[in-house]
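In full-length UniProt numbering, the protein residues as written are 1 to 203.
Where a beta carbon is used, it is the ideal one built from N, C-alpha and C, also for glycine.
Treat the numbers as computed from the prediction; the structure is a model and nothing was measured.
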Ligand SMILES: CC(C)(COP(=O)(O)OP(=O)(O)OC[C@H]1O[C@@H](n2cnc3c(N)ncnc32)[C@H](O)[C@@H]1OP(=O)(O)O)[C@@H](O)C(=O)NCCC(=O)NCCS
C-alpha cells in the first residue's frame with residue numbers, strides 16, 4: 001500500500017530515479033525551491049511500503065488577468081501542475097490519478113478558476129491520463145520544448161461556472177491547425193528542394 005504526504009525539501013536528494021525520465025521536466029533548484037515554499041500544501045509525494053519515494057507532484061498557483069472578446073478583463077487565480085512523475089515500477093496503478101485529484105480538490109477549495117499544465121505532444125500516456133480526468137487540450141504550442149511541440153491543457157474548476165477559462169479554445173484550435181499546416185508545408189517544400197538539389201549533385 002502506497003501513502004501520500006507533503007513533499008519536503010529533503011525529498012530532492014532522493015527523487016533522481018523518478019525525474020531522470022526524458023518525459024519529466026527537470027527544474028533547477030532556484031526554480032523549484034521558491035515554488036515549493038510558496039505553496040507547500042500543493043506539493044505532494046508518495047512513498048512505497050519500504051518508504052522509498054515513488055511519485056511526486058509539484059502544484060503551484062498563479063494570478064492572471066485575461067480578457068475575452070469585448071468583455072472586461074477578468075482577474076483570477078489558477079492552479080498549475082508544474083511537474084508530475086511516478087517511478088517506473090509503480091506506474092499504471094492509479095498513483096498519478098490520486099495525486100492529481102488531491103491537488104485539484106485543494107485548488108477547488110481555494111477558489112481557483114481552473115488548473116492548467118503543459119505536456120509534450122508525444123507524451124500520449126500523460127495526455128490520456130489528463131483527458132481521463134477531464135482536462136482538455138486548450139492550445140497547441142509549437143516548439144514549446146527543445147525537442148517537441150506541446151499542449152497547454154486546462155481543467156475548469158467549480159468557481160468557473162460558465163467555463164470561461166476555455167473560451168479561447170476555438171481561436172487556439174484554428175491557430176494550431178494553421179501552425180500544423182505551416183509545418184507540413186515547410187516540410188514538403190524542403191523535401192522537394194533537397195530531392196532537386198540531391199538529384200543535381202548525382203547528375
Ligand atoms: C504519466 C504518468 C505520470 C502516469 O502515472 P500513473 O500513476 O501510471 O497513471 P495512472 O495509473 O493514474 O493512470 C491513469 C490513466 O492514465 C492513462 N495512462 C497512464 N499511463 C498510461 C500508459 N502507460 N499507457 C496508456 N495509458 C496510460 C490511462 O488512461 C490510465 O487509466 P487506466 O489505468 O484506467 O487505463 C507516468 O507514466 C509518468 O511518470 N510518466 C513519465 C513522466 C511524465 O510523463 N509526466 C507527465 C509530464 S506532463
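Check, Outcome
"Boundaries (first-last residue) of the alpha helix (DSSP H) holding residue 132", "124 to 132"
"Where the alpha helix (DSSP H) through residue 109 begins and ends", "95 to 109"
"Sufficient close CB pairs (3 or more, under 8 Å) joining the segment 187 to 202 to the segment 90 to 97", "no"
"Beta bridge counterpart(s) of residue 119 as assigned by DSSP", "151"
"Beta-carbon proximity check, residue 138 vs residue 162, cutoff 9 Å", "no"
"Opposing strand residues paired with residue 65 [DSSP bridges]", "75"
"At least three beta-carbon pairs within less than 8 Å, the segment 27 to 37 to the segment 2 to 15", "yes"
"Near ligand 2: residue 125 beta-carbon under 8 Å from a heavy atom", "Looking at this structure, you won't find ligand 2 anywhere; what it does contain is ligand 1."
"Pair within 9 Å by beta-carbon distance, residue 47 and residue 114", "no"
"Residue 124 versus residue 151 - alpha carbon distance", "11 Å"
"Beta-ladder partner(s) of residue 145, from DSSP", "148"
"Enclosing beta strand (DSSP E) for residue 6 [first to last residue]", "3 to 6"
"Neighbourhood of residue 119 by C-beta distance below 8 Å, restricted to the same chain and skipping five residues each side", "126, 127, 130, 150, 151 and 153"
"Near ligand 1: residue 119 beta-carbon under 8 Å from a heavy atom", "yes"
"Beta-carbon proximity of residue 57 to residue 19, cut-off 9 Å", "no"
"Assigned exposure category for residue 55 - 16 Cβ within 10 Å defines buried", "buried"
"Length of the line joining the Cα atoms of residue 8 and residue 158", "29 Å"
"Residue 94 CB to nearest heavy atom of ligand 1 below 8 Å", "yes"
"Of the listed residues 98, 133, 182 and 105, nearest to residue 79 (C-alpha basis)", "105"
"Limits of the beta strand (DSSP E) - the one that residue 44 falls within", "43 to 47"
"Residue interval of the alpha helix (DSSP H) (run including residue 37)", "29 to 38"
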